[in-house]
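Report on one structure; see the data block that follows.
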Amino acid sequence: MRYLPDWFRKDRDLNSLFTLPASFPAFFDRSFAVDVKDKGDHLEVEAELPGLKRDQIEVEVTESGVAIAVKVEEETEEKNEKYYRRERSYGKTERFIAFPVEVDIDEGKATYRDGVLRLTFPKTHKEGERGKKLDIE
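Residues are numbered in this note's numbering as their position in the sequence shown, beginning at 1, plus a constant of 14.
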């Protein structure tokens, strides 16, 4: 026996109407996994972007970091004798990753294989050389 009414049942029923179909890509959570690795003499940025083509990915580099933008367009179509359904989805997501050390952006390289975007940038300073001691006058 229920003592309190299910106050949120109507909300759950209504919200279920707006859930995205499972066939839509995971990019609609507006994020993708990124790892930044210090490889000694260079910095490596890896982004997991499975199922995309190169022309759907944009990379823009500045002195302070790198921006990775992804454009997704998907169209699904289902036919049955009683219904016909066609859905389209469009989306763009972007992440900015700040460089933890100074890098040479002119020597940066980008590769995309097996759903992984890999960016490499040589470091311009060795660890511990970012600061400078000032004499006090």
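The beta carbon of each residue, even a glycine, is placed where N, CA and C say it ideally should be.
Quiz item: What are the boundary residues of the beta strand (DSSP E) that includes E108?
Solution: Y98 to A112
Quiz item: What do you get for F42, buried or exposed, if any count of 16 or more other CB atoms within 10 angstroms of its CB means buried?
Solution: Reliability fails at F42, whose pLDDT of 46 lies under 50, so the model's placement of it is uncertain and no value is given.
Quiz item: Can you tell me where the beta strand (DSSP E) with R127 in it begins and where it stops?
Solution: K123 to R127
Self-check item: Straight-line gap, D69 to L131 (C-alpha atoms, nearest Å)
Solution: 12 Å
Practice problem: Rounded to whole angstroms, what's the CA-CA distance from V59 to E74? Just pull it up for me. | Solution: 13 Å
Quiz item: According to DSSP, is I119 helix, strand or coil?
Solution: helix
Practice problem: With distances taken Cα to Cα, identify the nearest neighbour of P64 among P136, D149, D128 and K53. | Solution: D128
Quiz prompt | Within 7 Å, strictly: CB atoms of E108 and A124 | solution = no
Quiz item: Would you report the Cα separation of F135 and K106, rounded to the nearest angstrom?
Solution: 25 Å
Quiz item: How would you write the range of the beta strand (DSSP E) that K137 sits in, first residue to last?
Solution: Segment: none, K137 is in no beta strand (DSSP E) and carries neither H nor E.
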